[in-house]
Every structure is written in structure tokens, then in C-alpha cells.
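If you read the sequences in order, they're chains A and B. So in this note's numbering, spot 255 of the first sequence is number 255, and the numbers just go up one at a time. So in this note's numbering, spot 65 of the second sequence is number 948, and the numbers just go up one at a time. The beta-carbon is built from N, C-alpha and C at its ideal position, and this holds for glycine as well. Since the structure is predicted, the reported quantities are computational estimates derived from the model, not experimental observations.
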Amino acid sequence: MTFSLWNRQKREGELDEELQSHLRMAVEDRTERGETEDEASRAARRELGNVGLIKEVTREMWGGASFEKLIQDVRYGLRMLRKSPGFTAVAILTLALGIGANTALFSVVNGVLFNPLPYPHPEQLVWLAESKPNFATGSISFPNFLDWQKNNQTFTSMSLSRGYSYNLTGLGEAEQLRGRLISSDFFAVLGVNPAMGRSFAPGEDAIGAAPIAMISGGLWKRKFGSSPEILGRSLTLDGKAYTIVGVVPASFELSLGGFHDIDVYVPIGQWGNPLLPKRGAGLGFHGIGRLKPGVSIEQARADMQGVTQGLAAAYPDTDKGIGAGVFSLKQTMVKDLRVFLLVLLAAVGFVLSIACVNVANLMLARSSVRTREFAIRTAMGASRGRLLRQLLTESLLLASTGGTIGLLLAGWGTNVAIAQLPVTLPRAAEIGLDARVLLFTLLITLACGILFGLGPALKSARPNLHDTLKEGGRGGSGSRHRAQGVFVVVEMAMALVLLIAAGLMIRSLTALWNVNPGFDSHNLLTFGVALPPSMSMADPAAIRAALRRVDQELAAVPGVQSVSLSWAATPIASDDEDLFWIEGQPKPASDSEMNMALSYVVEESYLNVMRTPLERGRFFTAQDNENSSRVVVVDDSFRKQYFGEKDPIGRHIFLTNKGGRAEIVGVVAHVKQWGLDSDDKEKLHAQLYFPYMQLPDEAMALSWNGTGVMVRYDPKAPAIGESMRAAIKRISSEHVMSSTQTMDSIISGSLATQQVSLILLGAFAALALGLASSGIYGVISYVVEQRTQEIGVRMALGAKRTDVLRLVLGTGMKMAGIGVAMGLAGAFGLTQLMASLLFGVSATDPLTFTVVAILLTIVALTACSIPARRAMRVDPMVALRYE
Amino acid sequence: MSPRYQNRIELLQGTLDLLILETLRWGPRHGYGISQAIRTNSGDILQVDTGSLYPALHRLERQKWITADWKVSENKQRVRVYRLTAGGKKQLESERSRWAQLSDAIAGVLNPAKREGEA
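Here's what the structure looks like:
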């Protein structure tokens, strides 16, 4: 049976009338029996009993009342919350921030880690690499890829690609385009269809095929105004005309390194690199494959092992020791972010818990003010369950208001915040509020409402009627004090865990910044320069002349201290490798048995630019050019690895791809090529410096289209990047400058994950510290207030002020102490989870643990000392008289 | 809610239903009349607590064993009058026989010797 609200109101009135008539009849009966009106009325009332309770119990019998009760509770709750706007505002704001931060972080975790990739059957997609002795995920050579494609049994399709910068001319000012060399089925593997036209057909990626290209939706709009007559038009890349056959959807996005903002896609075979058909060449190609339905990654790995073993047997010279790496595409995208995001999510969850505890504390404080109200309501016939429900309704009202505001904050702020982060999040475009995020927010909101509502509600709904009404609200203060004590301990413990996490990040970053990279990264600018496309056909001498011209123009710019052209010599940002053997040792039978070193192709000024220390011999001079005999400089790691304690100066090595025999003329310090944090983890450390002008002709012929430049500049020089661009443009309008970055920003970018962790963990920890110290302050203040008379008595009996101070501080320190002990134990287990974010410090670093524990204790002590001072000033006379 | 009221309702529940239904068998009555009838018929021994009576009346009404109408009393007052339904009559029969069984059973427990003697 259900009642409409109106029906219930009517019934309510009827019940009232029924009881009134009962009372009236009882009074009439009594007066008829001869009692006075007064006596009769009083006796009848006593007989009738508690009308409120009767009504309450009778209403229960109607059934179907829950909705009506809810409405009543909500109305009453709203009225109570309006009555104390300060409390309400603080509670809602705290919860909104807590829930908002959690929703935002969860939406990131959801978008990046949980949601499947936005391609058909994303679980079938894998990332492919060659595993080599020096690299777990090395690049795949084009001939090997073609054999993988042909010989495998477990893939539906397989594609290969690498990044490539093109010089675009003939469409306005010359500019550098981000391009991608791809095999024909690149888009088919992903299941992405062109927005217009077609993708490349089988065979169109072969060497010698006709030049065609696909362009991005972005470039189509920017350069062609989204013209529908784009297909068949020509695009001049590096001076060569390509026919546009298709347009990639503007929404296409692949969150893998090097896939960001690609403008143009060109078949692999169009690359003029003479090494492309060589099986042993490592040219930076990686693959994406689609597994056959039902095939697991393990099956694919086993299959590919067979394929690569076959290749190793057929081509031992190049393929010995080379395997295939097959990895889930999604995991490859998010690899190191997993720990980072989960640690932050845990941290923000802690902050929300502390916020809940603080709100619970506020509720508890308020409930002691409301004790009288509850007692009256009980006397009026409210059952304990009803009071409990009422209080929970209030806390859920607070939580849901906070949750709604938090959701709005998160919905609006998440993408803004992501844009501000110095980390490029993979899959950032996929982050948003979806059903799972909304469900998460709903759940944490409900959990919060119950978490901070239930404790205080259970306490308040058990009022001691008699005492409370008689004494005006002193009852139950002891248990309130205990509950608050528990809250403070929990807050302290959680704040400590967050502080330790932040402390460990500070230690890691300090350690990282103290790592000597082997060069001076300050005031160091790096960028790329491409010569005009007409140089693509020029002879090496002309290219050398053009490069020297660039050198001179740049060196002449005011504020430039020294300049060096470079090839793969921007640590962290780029790398290239060379195969070699040492003269005097037998020549290895195959490429796969050759030694490998990192190859830095530079000019004589490079050492001045980088300020890398020279350890032995000499660095290059201007005389180490195309006309002189070949020389190389090695780094300290190279010396140790290949010469041990012997002197390498004067020894010769043979370079397989750089013209053969060369003399070692110097040794320089090791440069942290792989980044401050990960250089030690990589296998390949030996470094080899090669004079730029001694590059063999075929390599020189390729360098017209993009050479690196490293510039050391005067920090006082204004807008050095702009001056550089102007100098390049002065040479010709077809010279293009690209990817300008300072070395500091490259290093900083490589540490971005740690820095963001530090900033966010630091912010969360500071927030937690503030909440926890305000919590302990509030409780101790309350304790002092409650014990004013006791303190007065003690002082009257001869206790000194210092005794009082000790008494109050002791109470606070006991809570802080338990909290710190629990926090230390918790942190001991939890910080293990963030071990992979740390550098140079253990997850249970004793120094961090000790310092943070002391720091938190001092903060707690300070927070307690304010009420403690107040207690010291208690005047025994006043305190006693008050009683 | 204080335990005092709760226990009383719990204890009387089955019996109170029987008493109310039985009272209404003799004609429609209002709540006060029911309580007075029970009191008089029990020789002033059973005093039905209002806090038990009205919840019981409203529950029986919900169970459709009794119905209620607003009538005007002899004293020209509006009163809510309860009346037994067909279902209520059946319920009364079964409650009566249940009560008879119960009281026999209790009597048997209280006077085992007498029972044996009769047999």
C-alpha cells in the first residue's frame, strides 16, 4: 500500500483528531464520575501517555513511509545546515575539494590506465621491437620486418614506422613538418579508416615506388582550408613532389613516443637512406601488430621466437642474437605512469580520508552542542533509529552537496590542470567524465557521508536523556573526547604517510639534481637546422660549405659564446650508435659480434659548448676535417670498457659505417646519455666522438635535411632563440629551424614525472599537515575547556603552572605519539609501492622517516601549546567559582 | 524509543489483537470505546495502553481485518469508528482457537496431576 504525500498529511490530521477525541471522551467520562475538570484532564493526559510517541509508533504501522520520512529528514536536515552556515560552508568546501581532487585523479587513471584503447579490438594490438644485446627494445630493420610479416603465424597484420622531419616548401613560408615513414598497412593494423581518400596499398611502401603521401586532418585544414579537392594534389617535401592520396581523421591520436602531432605520412620506401635495405641497420623503426583473434601475447612471442631464430640461422652476420619483443600496446603507452598515477590516487585518497575525519570532528563538536536537541526529540518520541537516520541524512546531504561541487570542479578543472602539467600524459585526449568516473564519485561521496556521519551519529543518537536535560549538555563528554582522540590519531598517521612520501620525493629529486650529467646544462640551447631542399641533390663539398656558413652565421650572433653542429649529440633527446672493432684485435666475423658505442658527431667547439671535461689527450681542432686523417675521441666509459688501465691515446679503431680506420686522440668524461635517473640502468655506456666534417660522403649527403646545433649563450643576451631564427633566415628563407629547446628544459622534462610527483605529493602532504594540526588543536582546546575546573582545583592544591603545561601537552603528545607510530608502520609498507619513482634513496630511508616524524611531532606540539598556554593561565579562583 | 513501550507491545501483541477483534464482534466501536470495553469486560484488570492500542488498530486496519469510518457520536462529536470485516471474522476464529489451545496447554503445564487423574 502506498500513500501519496497528500494522503499521508490527511491521515496525519486524522490520527491527531482521533487521539484528541480519545482524550476528550476520557475527560468526559472522568467528569461524569465526579472529578473536577482540572483533575480529569490531567489524569486523562497521564493515562494517554506520550502522544508524540504514540503517533510515531502508529505511523510506523501505515507502512510505505520511507519516502515520506526521507523527505521529512531532508527538509529538517537542510534547515539544520542552514542554521549553522559556517560549519556547513567549511564542511562542504572541504568535501568538495577532497571529492573533486579524487574525481579528477580517478578520471585520469580511468582514461589512461583503465579504458581500452580507442581502436577496434584493442586487446589484439601489440608493440614490436627487436631485442638486441645492447637494447631490450631496439629498432627493427626494414628487411627483418618484411620477413617477420611474411613468416609469422600469429598476426593478422603487422606495420612498421618511424618519425621523420620533412621540409615543406611551395605552400607559404618553408616549414618543418612532423612526418612519419610508415609501411602500407599501418592504418589497417589500428583499424583506422581515412577521413578521405585511401591509405597505402600493399607494395606502395617498397623502395622505388611512386611518391605518395597521406596528410593529417590538421594539415589539411591549415594548409588547404579543408578543401574537398585535396586528393591528387601535390605536396613538396624535401624538394620532392608527393601525390596526396588520403586524409587521416583529425581525431586520430596514438600516444606513443614520436606520434604526437604528425602532419604527414609517407611510405617507408620513399626514404632515401642508403642503409634502409640493410638488414643490420638500426634506423629507429618500431612496429605495431594485430594478433589473430584468440591468440595470446605468449603465443605470439613463441611464434616470433621461431621466426627470429630462422632469420638468425639464415643471416648470422646481422641477425645472430636478435629476437623479437612483443608487448601489449596499451602497457607500452602507459608503462612508467602506472605507478606514478596510482601513488597519486592513493595520496589523494588519503587527503579525502583526512578531510572526512576533520568533518567528522566538526560534526562531533556540533553534536555536543545539539545534545539537548536530540534529548528533546527523544523525549518527544523520536526513536534511536530515527535520530540516526536523521543525522545520516544530514551528513549525506553535506557529502552530496560537496560531491556535486567536487564533480563540477573536476569536470571543469581536470583538462585545464593536465594542460598545465609539465608531463605529457599519454591518452590525455581520452580523459573525461564517463560512467565509471561518475560511479566512482557517487561511491566515494556515499562512503564519505557514511564515514564521517556514522561515528558522530551513533554517539549522538544515544543521549542520556535525564542528565542531559537536567544539566544542559555536559553528558557524554568523556566519550566524545575519546572519539576525537581516535580521529586525531588517524589524521596524524595519514598525514605522516603523505609527508614521508613527499619527503622521499624531495630526497630523490635532490639526488637527481646533484647527479653530474657530464656537461653543464645551463645556458645551453639546442635546435635543428635543415638546409633548403635544393641541397638534397648537392655534392658533399657543397653541403659542407653550406653547413660551415650556418656555423659562421650563428657564431656571429651577439650573445653566442660557442656553437657546434651535432648529430645525435644532444644527450637524453637523441642517440645514435656505431659498430666498431679495435685494431690489434681480430675483426669480428659478423656485425652482430661487433662492439657498439654511442656515437656523437660534433665539431671542435663541442667540448666548449658542453663544458665536458677533457681527461686525456686532445679534443678535435678545425684541422680534423675532410682532408685530414680520421680521428675519434672516446669517453671514460669507453676507455674503461675496452682499454682498462691501458692508455687508449694513439690506438686505432675501425668504424663499420664511418669510413673505417680512425685514431683515438683523446678521452673525455662520461656524459649521462640516457638521463640523470636511467643512465645507470642502461647497458650501453661507451661513447665515441666523431668530427662532423669527417663524415663520409654518403652520411654527409643525408645531413642536409636536419642537423643538430648546440649553442652556449650568454644568459644576459635577450631572446637568444629569436636571434638564432633570424640568423638562419638571413642565410635563406628556405633554411628551416626546428625544435628549439634549452638543455635545462630537456633535463627537466626527463625528470617531469618525479617533479610532478613531488609537487602533488607535497601539496597533498601540506594539506594533510594543516588538517591534522587543526584537528589536534581543536581537540586539545576542547579538553582544556572541559578540564578548566579540574585544572583550577589542581592549581589551588598547589600544582605549578609547568605541571599544568605538562598535563595538557602530555595529552596531546600521547595522541600525536600513537599517530606517528601508526604512520611510521603504515609508511613502512606503503612507500614500497612508490619505489620505482625514487632515485638514490630507499623507500624506507631512515633519515626521511626520522626527520618527518620529528617534524610532525613538533607541529603537533606547537598546535597543542596554544591551548596549553591557555590552561596555564587558568585562575583557580575563577575556575572554582564558575562551578 | 524507550524499551518500556517496546516490551509492552511485544508482549501483548497477539493477545491484544484477539481482544480488539472480539470486542468488535459485538458491533462497531471507536478506539476509546474499545479500550473501555476491554477494561470493563475484564473486570478492570486489563488496561489497554493507548500507545499499544492505536498502533494495533492501525495495523489491523492495514491487514484489512477491520475497517474505519468517521461517524458522529451521541455527543455530536466526530469519532473514528472501527468495524470487523469478513476477513477479520475469520481471523478472530483462528485467533480464538489458537488462544484456546494455548490456554489449555498452559493449564496442562500448570496442573499436570489433575490431568493425569482425569485420564
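{"Query": "Residues of the stretch 919 to 942 of chain B whose Cβ lies closer than 9 Å to any Cβ of chain A, in chain order", "Result": "Gln919, Gln930, Asp932, Thr933, Gly934, Ser935, Leu936, Tyr937, Pro938, Ala939, Leu940, His941 and Arg942"}
{"Query": "As assigned by DSSP and simplified to three states, the class of Phe487 of chain A", "Result": "helix"}
{"Query": "Among A:Gly111, A:Ala104, A:Ile776 and A:Asp575, the one whose alpha carbon lies nearest that of Ala495 of chain A", "Result": "A:Ile776"}
{"Query": "Contact check, Val671 of chain A vs Asp635 of chain A, beta carbons under 8 Å", "Result": "yes"}
{"Query": "Bounding residues of the beta strand (DSSP E) (the contiguous stretch that carries Trp220 of chain A)", "Result": "Premise fails: Trp220 of chain A lies in the alpha helix (DSSP H), Gly217 to Phe224, not in any beta strand (DSSP E)."}
{"Query": "For Leu291 of chain A and Val126 of chain A, believed in contact at Cβ under 8 Å, the rounded distance", "Result": "6 Å"}
{"Query": "Given 8 Å, three or more beta-carbon pairs between the stretch 40 to 56 of chain A and the stretch 346 to 356 of chain A", "Result": "no"}
{"Query": "Helix, strand or coil at Lys278 of chain A [DSSP, three-state]", "Result": "coil"}
{"Query": "Classification of Pro85 of chain A by the beta-carbon crowding that lies within 10 angstroms, buried from 16 upward", "Result": "exposed"}
{"Query": "DSSP bridge partner residues for Pro267 of chain A (one or two, in chain order)", "Result": "A:Ile182"}
{"Query": "CB contact check: Ala936 of chain A to chain B, cutoff 8 Å", "Result": "Residue 936 of chain A cannot be examined here, being either before or after the span of chain A that is shown, 1 to 883."}
{"Query": "Beta-ladder partner(s) of Lys240 of chain A, from DSSP", "Result": "A:Leu237"}
{"Query": "Where Phe620 of chain A sits in the DSSP three-state scheme", "Result": "coil"}
{"Query": "Backbone CA spacing between Ile903 of chain B and Ile921 of chain B [nearest angstrom]", "Result": "8 Å"}
{"Query": "Extent of the continuous alpha helix (DSSP H) run through Trp982 of chain B", "Result": "Ala969 to Leu993"}
{"Query": "Sequence-distant residues of its chain with Cβ nearer than 6 Å to Ala569 of chain A (five each side left out)", "Result": "Tyr600 and Val602"}
{"Query": "Buried/exposed call for Val416 of chain A, threshold 16 Cβ in 10 Å", "Result": "exposed"}
{"Query": "Residue-chain proximity (Tyr965 of chain B, chain A), Cβ-Cβ < 8 Å", "Result": "no"}
{"Query": "Own chain residues within Cβ distance below 7 Å of Phe638 of chain A, not counting five before or after", "Result": "Ala597, Ala686, Gln687 and Leu688"}
{"Query": "Segment contact flag, the stretch 440 to 449 of chain A with the stretch 100 to 109 of chain A, C-beta cutoff 8 Å, min 3 pairs", "Result": "yes"}
{"Query": "Residue of B:Trp953, B:Pro938, B:Leu985 and B:Gly971 minimising C-alpha distance to Thr906 of chain B", "Result": "B:Gly971"}
{"Query": "Residue environment, His22 of chain A, which counts as buried when at least 16 other CB atoms sit within 10 Å", "Result": "buried"}
{"Query": "Whole-angstrom distance between Gly659 of chain A and Pro696 of chain A, CA atom to CA atom", "Result": "6 Å"}
{"Query": "Short CB-CB distance (under 8 Å) between Val992 of chain B and chain A", "Result": "no"}
{"Query": "Within-8 Å CB hit, Gln960 of chain B to chain A", "Result": "yes"}
{"Query": "Residue-level contact to chain A via CB, Arg912 of chain B, 8 Å cutoff", "Result": "no"}
{"Query": "Inter-residue Cα distance where the pair is Val931 of chain B and Pro938 of chain B", "Result": "12 Å"}
{"Query": "Beta carbon proximity, Arg945 of chain B to chain A, threshold 8 Å", "Result": "yes"}
{"Query": "Assumed close pair Met492 of chain A, Val820 of chain A - CB separation to whole angstroms, cut-off 8 Å", "Result": "6 Å"}
{"Query": "Assigned exposure category for His941 of chain B - 16 Cβ within 10 Å defines buried", "Result": "buried"}
{"Query": "For Ala752 of chain A and Leu512 of chain A, the rounded distance between their alpha carbons", "Result": "12 Å"}
{"Query": "Same chain, Cβ closer than 7 Å to Gly411 of chain A, five either side skipped, listed in chain order", "Result": "Leu433"}
{"Query": "Any C-beta of chain B under 8 Å from that of Glu32 of chain A", "Result": "no"}
{"Query": "Residues bridged to Asp336 of chain A [DSSP beta-bridge criterion]", "Result": "Looking at the DSSP assignment, Asp336 of chain A forms no beta bridge with any residue, so it has no partner."}
{"Query": "Neighbour flag for Gln9 of chain A against chain B, beta carbons, 8 Å", "Result": "no"}
{"Query": "Test item: CB-CB of Tyr242 of chain A and Ile182 of chain A under 8 Å", "Result": "no"}
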